[in-house]
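Novice: Before we start, here is the structure in question, set down as structure tokens.
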Amino acid sequence: MTHKHGPGRERPDANERMRMRKLLASLTTALVLGVVVTACGGDGDEGNGNGNAGTPATGESGKKGGSLTVLSAADVDGLDPGYWYYQYDYMALAHPTQRGLYGWEPEKTEPSPDLAEDLPEVADGGKTLTIKIKPGIKYSPPLQDRTVTSKDVKYAIERAFLPQVANGYVNLYYAEIDGVKEFVDGKADEIAGIQTPDDQTLVLKLDKPQGVVATGVALALPATIPVPKDYAQKYDKGKQSRYGEYQVFTGPYMIPNDSSGKLTGYTAGKEIQLVRNPSWDPETDYRPAYLDKITFSGGNDLTVASRKILTGQGLMSGDFAAPPTAILKSALSSRKDQLLIEPSQGIRFVALNTKVKPFDDINVRKAVSAVVNKNDLRVTRGGPTLGPIATHFIPPEMPGFEEAGGEAGPEGLDFNANPDGDLNLAMEYMKKAGYSSGKYTGPPVLMVGDNQPPASKTGEALQSQLEQLGFKLNYRQVEHSTMLSKFCTVPKADVAICPNLGWGKDFFDSESMINPLFNGKNIVPANNANYPQLDDPELNAKMDKAATLTDPAERATAWAEIDKEVTAGAYMIPWLWDNQINFASENVNGVRNKFNSSWDIAYTSLK
Amino acid sequence: MIQYIVRRTLWMIALLFLVSAITFGIFYALPSADPAGLRAGRSPNPELVEQIRHQLGLDRPLYAQYFDYMKNLVTEGDFGYSYQNNISVRTQIFQRLPATISLAIGAAILWLTIGITVGIISAVRPHTLVDRVAMGAALVAISAPVYWLALVALYLFADDIGRFPLFPGAGSYVPFSEDPSKWFTSLIMPWCVLAAAFAAFYARLLRSTMIDTMHEDYIRTARAKGLGERRVILRHGLRSAITPIVTAAGLDIGILLGGAILTETVFNIPGVGRLAYDSIINSDLPMIQGTVLLGAFFIVTANLVVDVAYAFVDPRVRY
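What follows is the structure in structure tokens.
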């Protein structure tokens, strides 16, 4: 088809031109006003962003009934109890729908017996643990006529070692159970060290004492959630286990299912429905379970969801770490009672790779630690509300925190003392390292960080701080999962600095904070968490010994001493002990569980 | 025509194989993350990671992995299982497809209706107040990012957080089969947001082509013969000018059926676009492969439909 341009255009007359100008002016004004009104959109006066918010409810009493909706950005990591390892999995599924040998009551930092009648009986110097299981705890439909036995817990632990379940912690905490290696290597059909002399007795035989198992803390992890072998085994065949889609429940709530056990109340990435478990007996459980129905809604935009929760009814936050800064500031002044800001026992740090020059030199590491302005790094995440400045690696409320120096940190570490950074001190350490000018003069060093804010902002702030000390950084910002799986957790990648790293507890025991990060035996080729690649035989021996202690007070002291030593080595620079900011609608009595640092659905009620 | 359709269908199949191979190559040979490592959680021992790698078949040669994947896909329609949540990729895609289709088709009807109407009016009344206002608004709509427009719409009109609560807000989508009227009202804002930029573009495109067409000799002849102005515009002018609109609409609808990521994200509509985005973030390779293939299928199918439609719109086109 050919096009021909026509004759000249008609010019509008003068009146029409005047109307057009007026109309354009009105439209522009309306548009700008609309943008301004929308952008301002707050709920009240701006707050100063400091301080705590609401008073935590304990869940000891609450109104029975009602429905609650939890808004989250993402979905749970998976439906399989053997795979659950992260905060949101615990919040949405593990705590409200299942019972393991031990659990965590909201305000407690010691595990509470759940399926177990009591803490493990320890014998044989900590190598034999006997646990009695409560009788009469029933499964949900379609296995409502069955009760939990020790064999179900045995199978649950065994299947957690299967690659098709891909549990992330059994190799850390249960590997000392006798017979694990043979089972994993395929030379045995079961783990010989997990014994079931009768239906209500579980005996664990360990090759050597494991404090985290003897004290019950590691047995509060979801791998002890019972799984009936004859029911589940068919789903555990194949490349990936399908048991999660057919799981049976022991907790106060369950995901609705059909008569074959297939879950009908789960839409991947979108929604999880929880309803009351008809088989649950409140007399056997410490959870009150006030609510009748809970809906977990995924895929929500943080800003939109934050507004909905704070201004709506019957809503609460799920996997959000905090509302956006502007909304948080506004809520702190006008909706304080709807916020709960508490320590999460998480920590953020900058890792320095001791296998990459110049960070093999302790004086360079101390210099870097001295120059870092931790207050500025904290501002990139939203300021003091997000948590106190970290001065060592055991966070507040964890055993050993005070023994390791508390908020002030270990004594005598001048490079760790000034949260605003100290360039002069840093330069002194650089001179000790052989840089006579007090500044780094070597080649550029590789730093790999997250490309999304606020992590990207933290990395950029650190970059400008290090540049004061003469460092030229080859700074790459990549996707979060790429940062971890291709760079910062891969020793071969030889990344000198990783600025956007953090760690959280597995339970209330400081071994889970220190051992994975600093024990040389934990250096692995991929998914490595010993980011600085520290491998000090003396320190390793101290950590191995501390791991065998079974007395909680001795453990706290031992791990605190190790914390002081690794802080003194400046292998990593701790800068923030994370707070978790949970928020809910005004008609919700939210109860936070200290262990998970998020809302505990089984204790939450409506006003 | 039948021969043409058969020929194009065979090309379509060949093209989908090529897309699957390229996608496979990119994500399996050059992954942004190690799926076995991601699946293994934090601090796994190397043996576990290797076991998982073996379990998922990731330690086999690439061509063997690709062959297995295509064999399962072609013979059983099996897209594999998500590395993230162990649920069938096919199940998740088909669960979400109705939401994406609802969003894309509804927005398409809206933008075509508005775009064509405005384009015609602007074309037959060029440089008038109506034309300038319409084209000015079109420019604003094209310039406004979809994400921003969606948030503004929510903050103004959502019934939960909006200043003027008129429509259901984010997360209110329900399937048509569950509640048709709620389905409809929950999609009004997403349709409007998604259609805005497209309608604007189509209006400008049609205006441009129709202005040229309306100056053609045969249009003058039609008027000279005494045909009514409406008939001249719609029957003769529009019919010639609409061809680029047909092409663009076909491609745009095809692309949107693969997922309108930004709109689905802001309005929390559980569609394929959001699924694709989440799978990229999680390096969930089977899901990425599935959503890419689906997107490619819709685009090549849309191209075929457009080309066939030409034959009906333009009698000069014959296959």
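Keeping their order, the protein sequence lines are chains A and B. The first sequence runs 1 to 607 under this note's numbering. The second sequence runs 1 to 319 under this note's numbering. By construction, the Cβ of each residue, glycine as well, lies at the ideal position given by its N, Cα and C atoms. Just so you know, these numbers come straight off a predicted model, no measurement behind them.
#1: How many angstroms separate the CA atom of G476 of chain A from the CA atom of M447 of chain A?
#2: Can you tell me the Cα-Cα spacing of N375 of chain A and D420 of chain A, whole angstroms?
#3: Check the C-beta distance from A156 of chain A over to A223 of chain A and give it rounded, since I have them as a contact under 8 angstroms.
#4: With a threshold of 8 angstroms between beta carbons, is S172 of chain B in contact with chain A?
#5: Should V588 of chain A and P106 of chain A be called a contact, given that it needs their Cβ atoms to be closer than 8 angstroms?
#6: Please work out which residues of its chain come closer than 8 angstroms, Cβ to Cβ, to Q87 of chain A, disregarding the five sequence neighbours upstream and downstream, and give them in chain order.
#7: Have a look at the DSSP bridge pairing and note the partners of F267 of chain B.
#8: Quick one: grab the DSSP three-state call for D198 of chain A.
#9: Among A:S61, A:D536, A:K64, which residue has its Cα nearest to the Cα of K355 of chain A?
#10: Does any CB atom of chain A fall closer than 8 angstroms to the CB of P270 of chain B?
#11: With a threshold of 8 angstroms between beta-carbons, can T265 of chain B be considered close to chain A, or not?
#12: Check W599 of chain A in the structure and name its three-state DSSP category.
#13: Which same chain residues, not among the five before or five after K208 of chain A, have their C-beta less than 7 angstroms away from its C-beta?
#14: Using a 10 Å radius around the Cβ and a threshold of 16 neighbouring Cβ atoms, would you call K545 of chain A buried or exposed?
#15: Quick one: list the residues of chain B neighbouring T311 of chain A, beta-carbon separation under 8 angstroms, in chain order.
#16: Starting from V248 of chain A, trace the beta strand (DSSP E) in both directions and tell me its first and last residue.
#17: Could you give the uninterrupted runs of the beta strand (DSSP E) lying entirely in the stretch 559-585 of chain A, keeping only those of 3 residues or more?
#18: Looking at chain A, is there any beta carbon in it that lies within less than 8 angstroms of the beta carbon of L73 of chain B?
#19: Give the straight-line distance between the Cα atoms of W280 of chain A and L274 of chain A, rounded to the nearest whole angstrom.
#20: Interface residues of chain B around A526 of chain A at Cβ under 9 angstroms?
#21: Between the stretch 278-289 of chain B and chain A, which residues of the former have a C-beta closer than 8 angstroms to a C-beta of the latter?
#22: Specify, as a first and last residue, the run of the alpha helix (DSSP H) that F157 of chain B falls within.
#23: Under the rule that 16 or more other beta-carbon atoms within 10 Å means buried, what is F312 of chain B, buried or exposed?
#24: In whole angstroms, what is the alpha-carbon distance linking R555 of chain A and K108 of chain A?
#25: Could you tell me the distance, in whole angstroms, from the CA atom of E561 of chain A to the CA atom of D551 of chain A?
#26: So, does the CB of G169 of chain B fall closer than 8 angstroms to a CB anywhere in chain A?
#27: Is E554 of chain A close to chain B? Criterion is C-beta to C-beta, closer than 8 angstroms.
#28: With C-beta atoms as the reference, is I514 of chain A less than 8 angstroms away from V368 of chain A?
#29: Which residues in chain A sit within 8 angstroms of R274 of chain B, going by Cβ to Cβ distance?
#30: With D212 of chain B as the anchor, note down where its alpha helix (DSSP H) starts and where it stops.
#31: Give the interface partners of P163 of chain A over in chain B, defined as CB-CB distance under 8 angstroms, in chain order.
#32: Between I242 of chain B and the ligand ATP, is there a pair consisting of the residue's CB and a ligand heavy atom that are separated by less than 7 angstroms?
#33: Closest by CA to Y63 of chain B, which one among B:V74, B:Y28, B:L48?
#34: Go to T284 of chain A, then tell me how far its alpha helix (DSSP H) extends in each direction, as first and last residue.
#35: Inspect the beta-carbon positions of L501 of chain A and F349 of chain A and report whether they are closer than 8 angstroms.
#36: The stretch 66-79 of chain A: which residues have C-beta closer than 8 angstroms to a C-beta of chain B, in chain order?
Specialist: According to the structure shown:
#1: For the purposes of this step, residue 476 of chain A is identified with residue 476 of the first sequence, where counting begins at 1. For the purposes of this step, residue 447 of chain A is identified with residue 447 of the first sequence, where counting begins at 1. A small fix is needed here, since residue 476 of chain A is Arg in this sequence, not Gly. C-alpha separation (whole angstroms): 6 angstroms.
#2: Translated into the one-based positions of the first sequence, residue 375 of chain A becomes position 375. Translated into the one-based positions of the first sequence, residue 420 of chain A becomes position 420. Rounded to whole angstroms, N375 of chain A to D420 of chain A spans 6 angstroms at the Cα level.
#3: Position 156 of the first sequence, counting from 1, holds the residue named residue 156 of chain A. Position 223 of the first sequence, counting from 1, holds the residue named residue 223 of chain A. Contact flag correct, Cβ pair sits at about 6 angstroms.
#4: The residue labelled residue 172 of chain B in the question sits at position 172 within the second sequence. Chain A, which has no Cβ nearer than 8 angstroms to the Cβ of S172 of chain B, makes this no.
#5: For the purposes of this step, residue 588 of chain A is identified with residue 588 of the first sequence, where counting begins at 1. For the purposes of this step, residue 106 of chain A is identified with residue 106 of the first sequence, where counting begins at 1. Cβ atoms of V588 of chain A and P106 of chain A: not closer than 8 angstroms.
#6: Locating residue 87 of chain A in the first sequence gives position 87, counting from the first residue. Same-chain partners within the cutoff: D319, G504, N596, S597, S598.
#7: As a first step, residue 267 of chain B must be located in the second sequence, where it is residue number 267. Answer by DSSP bridge pairing: none, since F267 of chain B is not bridged.
#8: Along the first sequence, one-based indexing puts residue 198 of chain A at 198. Looking at D198 of chain A - three-state DSSP - the assignment turns out to be strand.
#9: Taking the first residue of the first sequence as position 1, residue 355 of chain A is located at position 355. K355 of chain A has its Cα closest to that of A:D536, out of A:S61, A:D536, A:K64.
#10: Reading the second sequence from its first residue, position 270 is the one you call residue 270 of chain B. At least one chain A Cβ lies under 8 angstroms of P270 of chain B.
#11: For the purposes of this step, residue 265 of chain B is taken as residue 265 along the second sequence, with counting starting at 1. Yes, because at least one Cβ of chain A sits closer than 8 angstroms to the Cβ of T265 of chain B.
#12: The sequence position of residue 599 of chain A within the first sequence is 599, counting from 1. W599 of chain A: strand per DSSP, three-state reduction.
#13: One-based indexing of the first sequence puts residue 208 of chain A at position 208. The residues are K127, E176, T548.
#14: As a first step, residue 545 of chain A must be located in the first sequence, where it is residue number 545. Classification for K545 of chain A: exposed.
#15: Start at 1 with the first residue of the first sequence, and residue 311 of chain A comes out as number 311. By Cβ distance, chain B contributes D160, I161.
#16: Locating residue 248 of chain A in the first sequence gives position 248, counting from the first residue. From DSSP, V248 of chain A is part of no beta strand (DSSP E); its letter is neither H nor E.
#17: 572-583
#18: Translated into positions along the second sequence, residue 73 of chain B becomes position 73. Output row for L73 of chain B: interface = no.
#19: Reading the first sequence from its first residue, position 280 is the one you call residue 280 of chain A. Reading the first sequence from its first residue, position 274 is the one you call residue 274 of chain A. If you take the alpha carbons of W280 of chain A and L274 of chain A, they lie about 13 angstroms apart.
#20: As a position in the first sequence, residue 526 of chain A is number 526, starting the count at 1. Within chain B, the residues near A526 of chain A are D34, A36, G37, A40, P44, P46, V49.
#21: D278, I281, N282, S283
#22: Start at 1 with the first residue of the second sequence, and residue 157 of chain B comes out as number 157. Start and end: 146-157.
#23: Within the second sequence, residue 312 of chain B is the residue found at index 312, counting from 1. The residue in question, F312 of chain B, is exposed, as its Cβ has fewer than 16 Cβ neighbours within 10 Å.
#24: Walking along the first sequence from the start, residue 555 of chain A turns up at place 555. Walking along the first sequence from the start, residue 108 of chain A turns up at place 108. Each residue's alpha carbon lies about 18 angstroms from the other.
#25: The residue labelled residue 561 of chain A in the question sits at position 561 within the first sequence. The residue labelled residue 551 of chain A in the question sits at position 551 within the first sequence. So the two alpha carbons sit approximately 16 angstroms from each other.
#26: Residue mapping note: residue 169 of chain B aligns to position 169 of the second sequence, counting from 1. So yes, G169 of chain B belongs to the interface.
#27: Here residue 554 of chain A is taken as the residue at index 554 of the first sequence, counted from 1. It does not; no Cβ of chain B falls within 8 angstroms.
#28: Here residue 514 of chain A is taken as the residue at index 514 of the first sequence, counted from 1. Here residue 368 of chain A is taken as the residue at index 368 of the first sequence, counted from 1. No, the Cβ-Cβ distance between I514 of chain A and V368 of chain A is not below 8 angstroms.
#29: Taking the first residue of the second sequence as position 1, residue 274 of chain B is located at position 274. By Cβ distance, chain A contributes G269, G299.
#30: On the second sequence, residue 212 of chain B is found 212 positions in, with the first residue counted as 1. It spans 180-214 - the alpha helix (DSSP H) in which D212 of chain B sits, taken as one unbroken run.
#31: Reading the first sequence from its first residue, position 163 is the one you call residue 163 of chain A. Correct list: L48, Q51, I52, H54, Q55.
#32: Only the bare structure without any ligand can be found here, which leaves the ligand ATP out of the picture.
#33: Translated into the one-based positions of the second sequence, residue 63 of chain B becomes position 63. Closest option to Y63 of chain B, Cα to Cα, is B:Y28.
#34: Position 284 of the first sequence holds residue 284 of chain A. Per DSSP, T284 of chain A belongs to no alpha helix (DSSP H) and is neither H nor E.
#35: As a first step, residue 501 of chain A is located in the first sequence; it is residue number 501 there, counting from the start. As a first step, residue 349 of chain A is located in the first sequence; it is residue number 349 there, counting from the start. Cβ atoms of L501 of chain A and F349 of chain A: closer than 8 angstroms.
#36: L71, A74, D75, V76, D77, G78, L79
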